[in-house]
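Number of protein chains: 2
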Amino acid sequence: MRTLGTPEPETAPRTVTIQDVARRAGVSTATVSRAIALPERVAAATREAVFSAIRETGYTPNAAARSLRAKSTKMVLVLLPGIGNSFFTPVLNALEEVFTEGGYGVLIGYTRQSRSRETHYARVIRAGQVDGVLVVTGNVPRDEEFVSVPDTVPVSLMFSEVPGTAQFSVFDVDNRGASADAVRYLISQGHRRIAHIPGAESGLEARERLGGYCDAIREVGFPLDESLIWRGASNFDFASGERAAKDFFALDDKPTAVFAAADEIALGFMRALKNRGVGIPSDVSVIGFDDTEYAVHYDPALTTMRQPRNEMGRLAAQDLLRRMAARDGGIPTSKVRLPCELVVRESVRAVE
Amino acid sequence: MRTLGTPEPETAPRTVTIQDVARRAGVSTATVSRAIALPERVAAATREAVFSAIRETGYTPNAAARSLRAKSTKMVLVLLPGIGNSFFTPVLNALEEVFTEGGYGVLIGYTRQSRSRETHYARVIRAGQVDGVLVVTGNVPRDEEFVSVPDTVPVSLMFSEVPGTAQFSVFDVDNRGASADAVRYLISQGHRRIAHIPGAESGLEARERLGGYCDAIREVGFPLDESLIWRGASNFDFASGERAAKDFFALDDKPTAVFAAADEIALGFMRALKNRGVGIPSDVSVIGFDDTEYAVHYDPALTTMRQPRNEMGRLAAQDLLRRMAARDGGIPTSKVRLPCELVVRESVRAVE
DNA sequence: ATGAAAGCGCTAACAC
DNA sequence: GTGTTAGCGCTTTCAT
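Those sequence lines, one after another, are chains A and B.
With the UniProt record's numbering applied, the first sequence covers 1 to 352.
With the UniProt record's numbering applied, the second sequence covers 1 to 352.
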């Protein structure tokens with residue numbers, strides 16, 4: 001209370017601690033702590049006293065002190081590639097939702113293909129700043145420092161896999177099988193000359209999708225024509241699709257259909273073709289991969305292989321939540337491979 | 001060293017602390033702490049001893065202990081609306097980059113228009129879990145708990161403003177002026193009958209953009225025709241644009257141009273028109289707002305008003321960094337309003 | 001059912 | 001230039 005004429009004392013508004021609450025409620029700090037964590041183990045009257053003291057003081061437990069003592073920060077680190085595309089937006093959404101519900105905060109990190117950023121985040125983990133890690137990227141983390149991450153912190157991988165390790169949970173799709181299915185669909189629509197635009201081949205997913213394309217071509221006995229594989233994608237992005245269009249126009253014997261390793265590649269490719277008067281799907285059919293937001297809104301709406309991004313995010317988060325709750329690897333890691341689903345829209349037509 | 005026949009002792013691999021490093025280097029913990037924080041204030045020989053001890057032990061300072069002691073977590077909270085659209089992806093990218101460079105981690109939170117989520121994050125702030133907050137959303141945070149956020153934590157706003165407060169830094173654009181400019185451009189191309197698809201009018205930005213539309217129409221003396229304002233957007237999304245298409249088709253006297261309050265609205269609208277055989281821009285011109293990634297790749301490429309999202313992110317982060325570094329409001333808040341830029345592409349044609 | 005007390009790992013006065 | 005010491009705010013035995 002400020003008395004008339006009395007200048008406001010320069011007292012810094014000291015943050016209220018558990019001590020203040022204890023004093024006010026006439027109990028010990030231990031009791032306050034208990035009343036918060038295990039209300040049922042405190043007498044009803046005491047509990048009331050504590051809670052009103054909390055309300056009156058506006059007390060909020062200090063996170064750092066709690067973390068220090070409890071050796072748990074209630075935070076997870078979500079590592080994303082962080083280059084451009086918005087493929088990961090719904091994933092991050094799902095993750096944040098599940099983690100927040102589970103009482104965990106989400107610290108994000110963009111690795112940006114940079115070694116120094118990876119070591120930076122490895123340090124974050126070693127500093128005990130997070131209770132778990134979710135690596136959401138096509139790129140297997142380059143290890144070195146990463147291997148020295150304490151085993152006590154559970155780590156999960158999404159959309160890609162480190163072959164031959166059981167220490168991570170993995171949530172991904174069968175990129176190879178789904179890609180083969182996409183190409184098989186093209187074949188079922190009568191296409192025989194089918195091209196492929198791979199993603200950046202440094203990533204496992206892109207290589208798997210290329211593998212699936214080859215599988216499907218080979219199994220029907222079509223020749224595997226290298227001139228129909230338009231490499232050189234820098235990424236899963238529009239620009240890669242536009243670049244591939246050059247390969248298309250350079251070709252004498254043009255394909256009737258194209259399987260792009262990602263929707264954005266497909267969209268960039270389609271745009272480049274339309275600009276030069278090539279009709280889609282009248283002249284060339286196109287199928288993508290991912291089913292991102294824009295696929296359905298493009299003209300023509302893109303036929304594509306859907307990855308269940310939201311579901312994968314939810315499952316991965318729930319698994320990590322479970323593993324974090326179990327002290328010391330009480331719960332084994334899981335490998336979950338979800339099915340993709342062909343979404344037929346307008347960009348593929350039947351020929352013959 | 002494991003001796004033959006001796007079973008591995010069940011010792012938990014105790015995390016290495018500053019104590020271990022001190023012991024190994026033959027110095028006090030204070031010296032280790034100093035060698036890390038202010039290397040120049042420690043004798044070269046000692047410094048070397050400390051650093052090799054650190055290397056040998058693989059020591060990483062514990063974040064919680066440091067935060068508790070230093071009363072600073074080196075983390076910021078970035079609050080996003082978290083509903084669907086990927087408008088914020090590049091913003092988040094820019095923020096993460098600048099904050100990480102500045103030595104801060106980024107905790108994300110999606111408010112999802114939910115009061116309980118806002119109070120949740122208010123609690124995170126009060127728990128001292130972050131040193132600063134960036135509210136990146138068109139929605140002014142509903143206050144209540146929020147006002148009780150301690151003044152010691154600097155808060156900044158992006159893309160929207162709380163009128164009449166100096167306690168936040170604000171980074172936004174002149175939505176009204178830029179919208180008026182967009183409509184003026186349409187007028188300059190000979191359009192006289194111009195419609196508008198507003199965003200969800202609960203948000204300040206959407207109302208400002210609507211205001212700009214009205215300004216531009218009025219200033220040239222055109223009648224302000226309510227039948228040309230197609231309200232009912234649930235959001236800045238495709239669906240809103242598709243819904244607006246119904247209004248378009250229901251109209252006898254059709255407009256020759258449409259100003260959409262966001263690119264995604266514009267794209268949804270265009271798609272719906274094209275589906276019914278209406279040519280863009282041959283029959284109707286469309287202009288958007290934002291210049292998101294897909295604007296340039298659509299067919300026709302969308303003419304739109306660009307918001308400098310990356311730059312706004314960088315500036316906002318830098319400002320917050322500065323304010324967090326200054327103890328106790330040493331640095332005043334700023335109001336930064338960046339210019340938008342008209343990006344002319346293919347979706348508007350000149351008439352007459 | 002509750003309290004006393006120890007201590008999580010670190011930093012920052014303050015001495016020397 | 002370096003060490004001693006006193007906590008930061010909380011949880012958790014261990015008593016009572």
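Even for Gly, the Cβ is constructed at its ideal location relative to N, Cα and C.
Everything numeric in this text was worked out from a predicted model, so none of it was measured.
So, with DSSP's three-state summary, where would you put residue i?
i	result
VAL98 of chain A	helix
LEU107 of chain B	strand
ILE83 of chain A	coil
ALA45 of chain A	helix
ARG193 of chain A	coil
ARG176 of chain A	helix
SER227 of chain B	helix
ILE54 of chain A	helix
GLY128 of chain B	coil
ALA350 of chain B	coil
PHE171 of chain A	strand
ALA262 of chain B	coil
VAL78 of chain B	strand
ALA200 of chain B	coil
ALA233 of chain B	coil
LEU257 of chain B	In the sequence under discussion, the amino acid at residue 257 of chain B is Ala, which differs from the Leu named in the question. Note: ALA257 of chain B maps to strand in three-state DSSP.
PRO332 of chain A	coil
GLU118 of chain B	helix
PHE222 of chain A	coil
THR89 of chain B	helix
GLU145 of chain B	Summary for GLU145 of chain B: the model assigns pLDDT 48, below 50, so the residue's position carries little reliability; its value from the coordinates is reported in the next sentence. The answer is coil: DSSP assigns GLU145 of chain B none of H, G, I, E or B.
For residue i, go through chain A and note every residue whose CB falls closer than 8 Å to its CB, in chain order.
i	result
ALA233 of chain B	Chain A residues near ALA233 of chain B: none, gap ~16 Å exceeds 8 Å.
SER86 of chain B	SER86, THR89 and GLU293
GLU352 of chain B	Going along chain A, no residue has its Cβ under 8 Å from GLU352 of chain B, so there is no contact; the nearest lies around 27 Å.
LYS274 of chain B	ASP299
Considering only the alpha carbon of each residue, which of the options lies closest to residue i?
i	options	result
GLN307 of chain B	B:ARG123, B:ALA37 and B:SER160	B:SER160
SER52 of chain B	B:GLY199, B:ALA22 and B:THR303	B:ALA22
VAL27 of chain B	B:VAL98, B:THR46 and B:THR17	B:THR46
ASP172 of chain B	B:ALA266, B:SER334 and B:ILE265	B:SER334
ALA122 of chain A	B:GLY105, B:ASP263, B:VAL296 and B:PHE269	B:GLY105
LEU95 of chain A	A:ILE217, A:VAL76 and A:GLU352	A:VAL76
ASN62 of chain A	B:ILE125, B:GLU205, B:PRO154 and B:ASP247	B:ILE125
Between which two residues does the alpha helix (DSSP H) holding residue i run?
i	result
ASP215 of chain A	204 to 219
LEU321 of chain B	309 to 325
ARG337 of chain A	Run containing ARG337 of chain A: none in the alpha helix (DSSP H); it sits in the beta strand (DSSP E), 335 to 338.
LEU157 of chain A	Element bounds for LEU157 of chain A: not the alpha helix (DSSP H) but the beta strand (DSSP E), 155 to 158.
residue 362 of chain B	Summary: the structure shown does not reach residue 362 of chain B, with chain B confined to residues 1 through 352, and so no result is reported for it.
LYS246 of chain B	238 to 250
VAL32 of chain A	29 to 37
ASP20 of chain B	18 to 25
Kindly list, in the order they appear in chain A, the residues whose Cβ is closer than 7 Å to that of residue i.
i	result
PRO61 of chain B	ALA127
ARG271 of chain B	HIS297 and ASP299
LEU267 of chain B	HIS297
PHE238 of chain B	HIS297
LEU321 of chain B	In chain order: nothing, as chain A lies at least about 17 Å away.
In or out: residue i buried (at least 16 other Cβ within 10 Å) or exposed?
i	result
VAL147 of chain A	A caution first: VAL147 of chain A carries a pLDDT of 46, below 50, which makes its placement in the model unreliable, though a value can still be read off. Exposed, by the Cβ-count rule.
LEU79 of chain A	buried
ALA250 of chain B	exposed
LEU224 of chain A	exposed
GLN167 of chain A	exposed
ASN275 of chain B	exposed
residue 355 of chain A	Nothing about residue 355 of chain A can be read from this structure; chain A reaches only from 1 to 352.
GLU101 of chain A	exposed
ALA37 of chain B	exposed
ASP283 of chain A	exposed
ARG218 of chain A	exposed
PRO39 of chain A	exposed
Starting from residue i, trace the beta strand (DSSP E) both ways and give me its first and last residue.
i	result
GLU341 of chain B	341 to 343
GLY132 of chain B	132 to 136
ALA166 of chain A	Unbroken run through ALA166 of chain A: none, as it is neither H nor E.
GLY279 of chain A	From DSSP, GLY279 of chain A is part of no beta strand (DSSP E); its letter is neither H nor E.
ILE287 of chain B	285 to 290
ARG306 of chain A	303 to 306
Please list the partners that residue i has in chain B, where partner means a Cβ-to-Cβ separation under 7 Å.
i	result
ALA64 of chain A	ALA64, SER67, LEU68, THR73 and GLY128
For residue i, which residues in chain A fall below 9 Å Cβ to Cβ?
i	result
ASN310 of chain B	Chain A residues near ASN310 of chain B: none, gap ~11 Å exceeds 9 Å.
Starting from residue i, find everything on chain B with Cβ-Cβ shorter than 9 Å and list it in chain order.
i	result
PHE289 of chain A	Ordered by position in chain B, no residue passes the 9 Å Cβ test against PHE289 of chain A, which lies about 17 Å from the chain.
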